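As C-alpha coordinates, the structure follows; a few thoughts come after it.
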Amino acid sequence: MLLPLTGEKSAAGNLVINSLRYSMLLRPNQLNFKIFDTKGTPRGAVSAAEQGITNNVKTFIGPIFSDETREVKEHFKNKKKLTFFSLSPDLNNVSENIIVSGQNPNDQISCITKHIARNDSKDVLLIHHADKYGYVIRNSFLNYVNDFGMMGVNIDFFEVEANTNLNDKIKKISRFNERKLQLENEIMKIKNNKDLDEEFKNSEIKSLERMLTLGSPFDSIIIASEGDRLLEILSHLAFYDINSENSNIYGTSLWEDTNKKDNLFKGTYYASSLKYKDDEFIQNFKNVFSKDPMSFNYHMHDLLDLVESYKIMSEKDKKNSVFSGEFTKSKIKSGFLQREIYLKRIKKNKNTEEVFNCRLNVI
(Lines of atoms letter the chains of each structure in order from A and count residues from 1; the text may use other names and numbers.)
(Lines give C-alpha, C1' and ligand atoms only; values in the text may rest on other atoms or scores of the structure.)
Protein backbone atom coordinates (compact mmCIF):
# COMPACT_ATOMS: atom_id res chain seq x y z
CA MET A 1 0.00 0.00 0.00
CA LEU A 2 1.29 3.45 -0.95
CA LEU A 3 0.03 5.85 1.73
CA PRO A 4 1.06 9.18 3.31
CA LEU A 5 2.06 8.09 6.81
CA THR A 6 3.94 11.32 7.54
CA GLY A 7 3.62 14.89 6.33
CA GLU A 8 0.65 17.23 5.94
CA LYS A 9 -1.56 14.59 4.29
CA SER A 10 -1.01 11.82 6.83
CA ALA A 11 -4.68 11.97 7.95
CA ALA A 12 -5.67 10.50 4.57
CA GLY A 13 -3.22 7.67 5.09
CA ASN A 14 -4.63 6.97 8.54
CA LEU A 15 -8.13 6.80 7.05
CA VAL A 16 -7.03 4.05 4.67
CA ILE A 17 -5.15 2.17 7.39
CA ASN A 18 -8.18 2.25 9.68
CA SER A 19 -10.32 0.88 6.83
CA LEU A 20 -7.77 -1.87 6.28
CA ARG A 21 -7.65 -2.74 9.99
CA TYR A 22 -11.41 -2.89 10.26
CA SER A 23 -11.93 -4.95 7.09
CA MET A 24 -9.26 -7.45 8.14
CA LEU A 25 -10.93 -7.71 11.53
CA LEU A 26 -14.29 -8.47 9.92
CA ARG A 27 -13.11 -10.70 7.13
CA PRO A 28 -9.46 -11.77 6.95
CA ASN A 29 -8.16 -12.47 3.43
CA GLN A 30 -5.11 -14.02 1.80
CA LEU A 31 -3.38 -10.74 0.95
CA ASN A 32 -0.04 -9.94 2.57
CA PHE A 33 0.03 -6.19 3.20
CA LYS A 34 3.13 -4.02 3.26
CA ILE A 35 2.75 -0.29 3.75
CA PHE A 36 5.16 2.28 2.30
CA ASP A 37 5.16 5.98 3.15
CA THR A 38 4.61 8.36 0.21
CA LYS A 39 4.93 11.39 2.52
CA GLY A 40 2.04 12.85 0.51
CA THR A 41 4.31 14.02 -2.32
CA PRO A 42 4.83 12.86 -5.94
CA ARG A 43 8.50 12.05 -5.42
CA GLY A 44 7.67 10.34 -2.16
CA ALA A 45 5.14 8.14 -3.98
CA VAL A 46 7.76 7.03 -6.51
CA SER A 47 10.26 6.32 -3.72
CA ALA A 48 7.64 4.32 -1.78
CA ALA A 49 6.80 2.27 -4.89
CA GLU A 50 10.49 1.56 -5.49
CA GLN A 51 10.78 0.30 -1.91
CA GLY A 52 7.81 -1.97 -2.58
CA ILE A 53 9.38 -3.33 -5.77
CA THR A 54 12.57 -4.06 -3.83
CA ASN A 55 10.38 -6.10 -1.46
CA ASN A 56 8.94 -8.09 -4.44
CA VAL A 57 5.60 -6.26 -4.43
CA LYS A 58 3.86 -6.19 -7.82
CA THR A 59 0.34 -5.06 -6.86
CA PHE A 60 -0.17 -1.75 -5.08
CA ILE A 61 -3.20 -0.05 -3.52
CA GLY A 62 -2.50 3.66 -3.86
CA PRO A 63 -1.34 6.32 -4.22
CA ILE A 64 -4.22 8.35 -2.82
CA PHE A 65 -3.73 11.68 -4.58
CA SER A 66 -3.82 12.64 -8.25
CA ASP A 67 -0.40 14.33 -8.33
CA GLU A 68 1.22 11.30 -6.68
CA THR A 69 -0.48 8.95 -9.14
CA ARG A 70 0.57 11.07 -12.12
CA GLU A 71 4.22 10.85 -11.06
CA VAL A 72 3.97 7.09 -10.51
CA LYS A 73 2.32 6.73 -13.92
CA GLU A 74 5.19 8.49 -15.68
CA HIS A 75 7.97 6.80 -13.72
CA PHE A 76 6.69 3.22 -14.09
CA LYS A 77 4.98 3.45 -17.50
CA ASN A 78 7.16 0.68 -18.96
CA LYS A 79 6.74 -1.68 -15.99
CA LYS A 80 3.91 -3.84 -17.38
CA LYS A 81 4.07 -6.38 -14.54
CA LEU A 82 3.16 -3.76 -11.92
CA THR A 83 -0.44 -2.82 -11.10
CA PHE A 84 -1.45 0.28 -9.14
CA PHE A 85 -5.01 0.67 -7.83
CA SER A 86 -4.98 4.45 -7.45
CA LEU A 87 -7.47 5.76 -4.89
CA SER A 88 -7.78 9.06 -6.77
CA PRO A 89 -10.81 9.56 -9.07
CA ASP A 90 -8.73 11.40 -11.71
CA LEU A 91 -9.28 9.53 -14.99
CA ASN A 92 -6.35 11.37 -16.59
CA ASN A 93 -4.09 8.93 -14.76
CA VAL A 94 -5.46 5.83 -16.47
CA SER A 95 -2.68 3.76 -18.06
CA GLU A 96 -1.75 0.16 -18.77
CA ASN A 97 -0.66 -0.45 -15.19
CA ILE A 98 -2.77 2.11 -13.28
CA ILE A 99 -6.42 1.39 -12.46
CA VAL A 100 -8.20 4.50 -11.22
CA SER A 101 -10.30 3.22 -8.30
CA GLY A 102 -11.70 6.39 -6.72
CA GLN A 103 -15.37 7.24 -7.07
CA ASN A 104 -16.09 8.31 -10.63
CA PRO A 105 -18.31 11.42 -10.82
CA ASN A 106 -18.94 10.85 -14.54
CA ASP A 107 -20.96 7.69 -13.88
CA GLN A 108 -22.97 9.50 -11.20
CA ILE A 109 -23.82 12.41 -13.49
CA SER A 110 -24.70 9.98 -16.27
CA CYS A 111 -27.26 8.30 -14.02
CA ILE A 112 -28.69 11.59 -12.73
CA THR A 113 -28.97 13.00 -16.26
CA LYS A 114 -30.67 9.84 -17.50
CA HIS A 115 -33.28 10.18 -14.74
CA ILE A 116 -33.81 13.86 -15.60
CA ALA A 117 -34.25 12.95 -19.28
CA ARG A 118 -36.85 10.29 -18.43
CA ASN A 119 -38.84 12.87 -16.49
CA ASP A 120 -38.94 15.16 -19.56
CA SER A 121 -37.50 18.13 -17.66
CA LYS A 122 -37.52 21.38 -19.63
CA ASP A 123 -35.58 23.66 -17.26
CA VAL A 124 -32.50 22.43 -15.40
CA LEU A 125 -30.13 24.20 -13.00
CA LEU A 126 -26.65 22.89 -12.18
CA ILE A 127 -25.01 24.32 -9.05
CA HIS A 128 -21.30 23.55 -8.68
CA HIS A 129 -18.22 24.99 -7.02
CA ALA A 130 -15.43 26.81 -8.85
CA ASP A 131 -12.96 23.96 -8.42
CA LYS A 132 -11.65 20.94 -10.30
CA TYR A 133 -14.49 18.69 -9.12
CA GLY A 134 -17.09 21.29 -10.08
CA TYR A 135 -15.73 21.63 -13.61
CA VAL A 136 -15.63 17.84 -14.04
CA ILE A 137 -19.30 17.74 -13.05
CA ARG A 138 -20.22 20.56 -15.44
CA ASN A 139 -18.37 19.11 -18.43
CA SER A 140 -19.70 15.63 -17.76
CA PHE A 141 -23.27 16.94 -17.54
CA LEU A 142 -22.96 18.78 -20.87
CA ASN A 143 -21.69 15.60 -22.53
CA TYR A 144 -24.56 13.50 -21.22
CA VAL A 145 -27.16 16.13 -22.15
CA ASN A 146 -26.18 15.44 -25.76
CA ASP A 147 -26.04 11.66 -25.28
CA PHE A 148 -29.55 11.51 -23.83
CA GLY A 149 -31.15 13.77 -26.44
CA MET A 150 -31.85 16.75 -24.17
CA MET A 151 -30.97 19.37 -26.76
CA GLY A 152 -34.21 21.33 -26.25
CA VAL A 153 -33.73 21.68 -22.49
CA ASN A 154 -33.01 25.10 -20.97
CA ILE A 155 -29.90 24.81 -18.79
CA ASP A 156 -28.67 27.34 -16.23
CA PHE A 157 -25.36 27.14 -14.37
CA PHE A 158 -24.57 28.61 -10.97
CA GLU A 159 -20.87 28.55 -10.10
CA VAL A 160 -20.22 29.00 -6.38
CA GLU A 161 -16.94 30.70 -5.48
CA ALA A 162 -15.46 31.12 -2.00
CA ASN A 163 -16.75 34.69 -1.70
CA THR A 164 -20.10 34.19 -3.45
CA ASN A 165 -23.05 35.87 -1.73
CA LEU A 166 -25.47 32.97 -1.91
CA ASN A 167 -28.51 35.01 -0.94
CA ASP A 168 -28.03 37.59 -3.70
CA LYS A 169 -27.14 35.06 -6.39
CA ILE A 170 -29.91 32.58 -5.58
CA LYS A 171 -32.49 35.36 -5.33
CA LYS A 172 -31.50 36.47 -8.82
CA ILE A 173 -31.40 33.03 -10.41
CA SER A 174 -34.68 32.05 -8.72
CA ARG A 175 -36.48 34.98 -10.38
CA PHE A 176 -38.35 35.29 -7.09
CA ASN A 177 -39.87 38.74 -7.65
CA GLU A 178 -41.03 37.77 -11.13
CA ARG A 179 -42.65 34.58 -9.84
CA LYS A 180 -44.25 36.44 -6.94
CA LEU A 181 -45.76 38.93 -9.39
CA GLN A 182 -47.05 36.07 -11.53
CA LEU A 183 -48.85 34.71 -8.47
CA GLU A 184 -50.39 38.09 -7.67
CA ASN A 185 -51.56 38.43 -11.26
CA GLU A 186 -53.09 34.96 -11.19
CA ILE A 187 -54.99 35.80 -8.00
CA MET A 188 -56.32 39.01 -9.57
CA LYS A 189 -57.25 37.13 -12.72
CA ILE A 190 -59.39 34.70 -10.75
CA LYS A 191 -60.93 37.44 -8.63
CA ASN A 192 -61.97 39.34 -11.77
CA ASN A 193 -63.34 36.29 -13.57
CA LYS A 194 -67.12 36.64 -13.36
CA ASP A 195 -67.73 33.32 -15.10
CA LEU A 196 -66.41 31.28 -12.18
CA ASP A 197 -68.59 29.88 -9.43
CA GLU A 198 -68.07 31.94 -6.24
CA GLU A 199 -67.39 28.93 -4.06
CA PHE A 200 -64.80 27.59 -6.52
CA LYS A 201 -63.30 31.05 -6.92
CA ASN A 202 -62.89 31.53 -3.16
CA SER A 203 -61.34 28.09 -2.81
CA GLU A 204 -58.82 28.79 -5.58
CA ILE A 205 -57.92 32.19 -4.16
CA LYS A 206 -57.37 30.78 -0.67
CA SER A 207 -55.15 28.06 -2.11
CA LEU A 208 -53.07 30.57 -4.09
CA GLU A 209 -52.78 32.98 -1.17
CA ARG A 210 -51.05 30.27 0.83
CA MET A 211 -48.29 30.15 -1.79
CA LEU A 212 -45.20 32.35 -2.02
CA THR A 213 -44.81 32.12 -5.78
CA LEU A 214 -46.41 30.43 -8.75
CA GLY A 215 -44.17 27.35 -8.97
CA SER A 216 -40.44 26.81 -9.47
CA PRO A 217 -38.45 28.06 -12.48
CA PHE A 218 -36.64 24.69 -12.63
CA ASP A 219 -37.97 21.16 -13.10
CA SER A 220 -34.66 19.69 -11.95
CA ILE A 221 -31.68 20.98 -9.97
CA ILE A 222 -28.30 19.26 -9.52
CA ILE A 223 -26.23 20.42 -6.55
CA ALA A 224 -22.60 19.23 -6.55
CA SER A 225 -21.76 20.32 -3.01
CA GLU A 226 -21.49 18.88 0.49
CA GLY A 227 -21.58 19.64 4.20
CA ASP A 228 -22.51 23.05 5.57
CA ARG A 229 -22.23 24.74 2.17
CA LEU A 230 -24.77 22.30 0.73
CA LEU A 231 -27.18 22.97 3.59
CA GLU A 232 -26.71 26.70 3.05
CA ILE A 233 -27.54 26.37 -0.65
CA LEU A 234 -30.67 24.32 0.08
CA SER A 235 -31.75 26.84 2.72
CA HIS A 236 -31.48 29.79 0.33
CA LEU A 237 -33.33 27.90 -2.41
CA ALA A 238 -36.12 27.09 0.04
CA PHE A 239 -36.30 30.73 1.19
CA TYR A 240 -37.03 31.69 -2.41
CA ASP A 241 -39.63 28.94 -2.73
CA ILE A 242 -37.59 26.29 -4.56
CA ASN A 243 -37.66 22.92 -2.82
CA SER A 244 -38.28 19.20 -3.34
CA GLU A 245 -42.04 19.81 -3.52
CA ASN A 246 -41.81 21.84 -6.73
CA SER A 247 -38.46 20.68 -8.19
CA ASN A 248 -36.52 17.44 -8.46
CA ILE A 249 -33.31 18.15 -6.53
CA TYR A 250 -30.31 15.85 -7.09
CA GLY A 251 -26.93 15.47 -5.40
CA THR A 252 -23.76 13.58 -6.27
CA SER A 253 -22.08 11.08 -3.96
CA LEU A 254 -20.71 14.07 -2.02
CA TRP A 255 -24.06 13.95 -0.25
CA GLU A 256 -23.29 10.45 1.05
CA ASP A 257 -21.26 11.65 4.04
CA THR A 258 -23.27 14.84 4.64
CA ASN A 259 -25.62 14.89 7.62
CA LYS A 260 -29.05 14.73 5.97
CA LYS A 261 -31.26 14.98 9.06
CA ASP A 262 -32.48 18.49 8.19
CA ASN A 263 -35.98 18.52 6.73
CA LEU A 264 -34.62 20.38 3.68
CA PHE A 265 -33.27 17.04 2.41
CA LYS A 266 -36.63 15.28 2.53
CA GLY A 267 -37.75 14.32 -0.96
CA THR A 268 -34.40 15.05 -2.63
CA TYR A 269 -32.27 12.51 -4.49
CA TYR A 270 -28.59 11.64 -4.55
CA ALA A 271 -26.40 9.26 -6.55
CA SER A 272 -24.60 6.52 -4.65
CA SER A 273 -22.49 3.53 -5.60
CA LEU A 274 -23.36 1.81 -2.31
CA LYS A 275 -26.13 -0.77 -2.53
CA TYR A 276 -26.88 -0.30 1.15
CA LYS A 277 -25.28 0.42 4.51
CA ASP A 278 -25.24 -2.44 6.97
CA ASP A 279 -26.29 -1.64 10.55
CA GLU A 280 -23.89 -4.22 11.97
CA PHE A 281 -21.00 -2.77 9.95
CA ILE A 282 -21.82 0.70 11.29
CA GLN A 283 -22.16 -0.38 14.92
CA ASN A 284 -18.98 -2.45 14.92
CA PHE A 285 -17.06 0.39 13.29
CA LYS A 286 -18.33 2.79 15.96
CA ASN A 287 -17.25 0.35 18.66
CA VAL A 288 -13.71 0.30 17.27
CA PHE A 289 -13.24 3.94 16.19
CA SER A 290 -15.95 5.81 18.17
CA LYS A 291 -17.42 7.34 14.99
CA ASP A 292 -19.59 6.39 12.04
CA PRO A 293 -17.92 4.92 8.95
CA MET A 294 -17.60 7.13 5.88
CA SER A 295 -18.56 5.99 2.39
CA PHE A 296 -14.83 5.52 1.70
CA ASN A 297 -14.71 2.78 4.35
CA TYR A 298 -17.35 0.76 2.49
CA HIS A 299 -15.58 1.21 -0.84
CA MET A 300 -12.23 0.26 0.65
CA HIS A 301 -13.79 -2.83 2.23
CA ASP A 302 -14.94 -4.07 -1.19
CA LEU A 303 -11.78 -2.94 -2.99
CA LEU A 304 -9.69 -5.28 -0.85
CA ASP A 305 -11.82 -8.22 -2.00
CA LEU A 306 -11.56 -7.06 -5.60
CA VAL A 307 -7.76 -6.86 -5.43
CA GLU A 308 -7.58 -10.33 -3.90
CA SER A 309 -9.68 -11.73 -6.79
CA TYR A 310 -7.80 -9.70 -9.40
CA LYS A 311 -4.43 -11.19 -8.46
CA ILE A 312 -5.52 -14.73 -9.38
CA MET A 313 -7.63 -13.94 -12.47
CA SER A 314 -6.73 -14.51 -16.10
CA GLU A 315 -6.20 -11.43 -18.27
CA LYS A 316 -9.52 -12.10 -20.03
CA ASP A 317 -11.45 -12.32 -16.76
CA LYS A 318 -9.83 -9.13 -15.47
CA LYS A 319 -11.38 -7.22 -18.37
CA ASN A 320 -14.81 -8.86 -18.37
CA SER A 321 -15.65 -9.85 -14.80
CA VAL A 322 -18.14 -8.01 -12.60
CA PHE A 323 -17.02 -7.88 -8.97
CA SER A 324 -19.97 -8.22 -6.60
CA GLY A 325 -18.75 -6.86 -3.30
CA GLU A 326 -20.68 -6.71 -0.06
CA PHE A 327 -21.68 -3.08 -0.65
CA THR A 328 -20.77 -2.29 -4.26
CA LYS A 329 -20.86 -3.81 -7.72
CA SER A 330 -18.00 -2.91 -10.05
CA LYS A 331 -15.92 -3.86 -13.05
CA ILE A 332 -12.65 -2.70 -14.55
CA LYS A 333 -13.30 -0.79 -17.76
CA SER A 334 -10.65 1.00 -19.84
CA GLY A 335 -8.31 1.39 -16.89
CA PHE A 336 -10.76 2.58 -14.25
CA LEU A 337 -13.09 0.98 -11.75
CA GLN A 338 -16.67 1.49 -12.91
CA ARG A 339 -19.32 1.09 -10.20
CA GLU A 340 -23.03 0.47 -10.42
CA ILE A 341 -24.96 3.64 -9.50
CA TYR A 342 -28.14 3.83 -7.42
CA LEU A 343 -30.33 6.92 -7.26
CA LYS A 344 -31.73 7.21 -3.74
CA ARG A 345 -34.60 9.35 -2.49
CA ILE A 346 -34.25 10.74 1.03
CA LYS A 347 -37.22 10.13 3.28
CA LYS A 348 -37.83 11.23 6.84
CA ASN A 349 -34.97 10.90 9.37
CA LYS A 350 -32.26 10.21 6.77
CA ASN A 351 -33.94 6.98 5.60
CA THR A 352 -33.65 6.38 1.88
CA GLU A 353 -35.28 4.36 -0.87
CA GLU A 354 -33.81 3.37 -4.22
CA VAL A 355 -35.90 4.88 -7.02
CA PHE A 356 -33.65 4.35 -10.04
CA ASN A 357 -30.43 2.58 -10.93
CA CYS A 358 -27.85 2.44 -13.68
CA ARG A 359 -26.57 -1.08 -14.12
CA LEU A 360 -22.99 -1.67 -15.15
CA ASN A 361 -23.93 -2.79 -18.66
CA VAL A 362 -25.94 0.39 -19.37
CA ILE A 363 -24.05 3.21 -17.60
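The working numbering numbers the first residue of the sequence shown as 27 and each following residue consecutively.
Glycine included, each C-beta is placed from N, C-alpha and C at the ideal position.
As the structure is a computational prediction, the values presented were derived from the model and not from experiment.
Sequence-distant partners of residue 41 (beyond 5 residues in either direction) whose C-beta falls short of 7 Å from its own C-beta, in its chain, are 322. The C-alpha of residue 333 is placed about 51 Å away from the C-alpha of residue 201. For residue 86, the three-state secondary structure derived from DSSP is strand. Residue 381 places its beta carbon 9 Å or farther from that of residue 374.
The beta carbon of residue 372 lies closer than 8 Å to those of 286, 291, 292, 293, 294, 295, 296, 378 in the same chain, with the five residues before and after it left out. When only Cα atoms are considered, residue 237 and residue 96 end up about 53 Å apart. For residue 173, the uninterrupted alpha helix (DSSP H) segment begins and ends at 158-173. In this structure, residue 138 sits away from residue 98, with a CB-CB distance that is not shorter than 9 Å. Here the alpha carbons of residue 126 and residue 342 stand approximately 19 Å from one another. Here residue 83 has 60 as same chain residues with Cβ atoms under 7 Å from its own Cβ, once five neighbours each way along the sequence are excluded. With respect to residue 353, residue 318 sits apart: the two C-beta atoms are not nearer than 9 Å. Rounded to the nearest whole angstrom, the C-alpha separation of residue 114 and residue 89 is 7 Å. No Cβ-Cβ contact shorter than 9 Å links residue 248 with residue 171. Bounds of any beta strand (DSSP E) do not take in residue 263; it lies within the alpha helix (DSSP H) bounded by 253-265. In the structure shown, the three-state DSSP call for residue 311 is helix. Put simply, of 196, 387, 368 the residue whose alpha carbon is nearest the alpha carbon of residue 359 is 387. Exclusion of the five residues before and after residue 193 leaves 262 as the residues of its chain whose Cβ lies within less than 7 Å of its Cβ.
Taking C-alpha positions only, residue 66 is separated from residue 145 by approximately 44 Å. Residue state for residue 385 is assigned as coil, using DSSP reduced to three classes. By the CB criterion at 9 Å, residue 142 and residue 186 fall outside the cutoff. Residue 315 and residue 31 have their C-alpha atoms some 18 Å from each other. Rounded to whole angstroms, the separation of the alpha carbons of residue 340 and residue 184 is 47 Å. Judged by DSSP secondary structure, residue 188 falls outside any alpha helix (DSSP H); it is assigned neither H nor E. Within the segment 81-131, the runs of alpha helix (DSSP H) at least 4 residues long that lie entirely inside it are, in chain order, 92-101.
Rounded to the nearest angstrom, the gap between the Cα atoms of residue 53 and residue 335 is 14 Å. In this structure, the alpha-carbon of residue 310 lies about 10 Å from that of residue 304. Between residue 130 and residue 363, the CB-CB gap stays under 9 Å.
If only uninterrupted alpha helix (DSSP H) runs of at least 4 residues are considered, those enclosed by the segment 317-352 are 321-337, 341-346.
In the displayed model, residue 284 falls within coil according to three-state DSSP, outside both helix and strand.
Distance check between residue 284 and each of 298, 157, 273 places 298 closest, using alpha-carbon atoms only.
Listed in chain order, the non-local C-beta contacts of residue 178 below 8 Å within the same chain comprise 148, local neighbours out to five positions each way being set aside. Put simply, the backbone Cα of residue 214 is about 58 Å away from that of residue 307.
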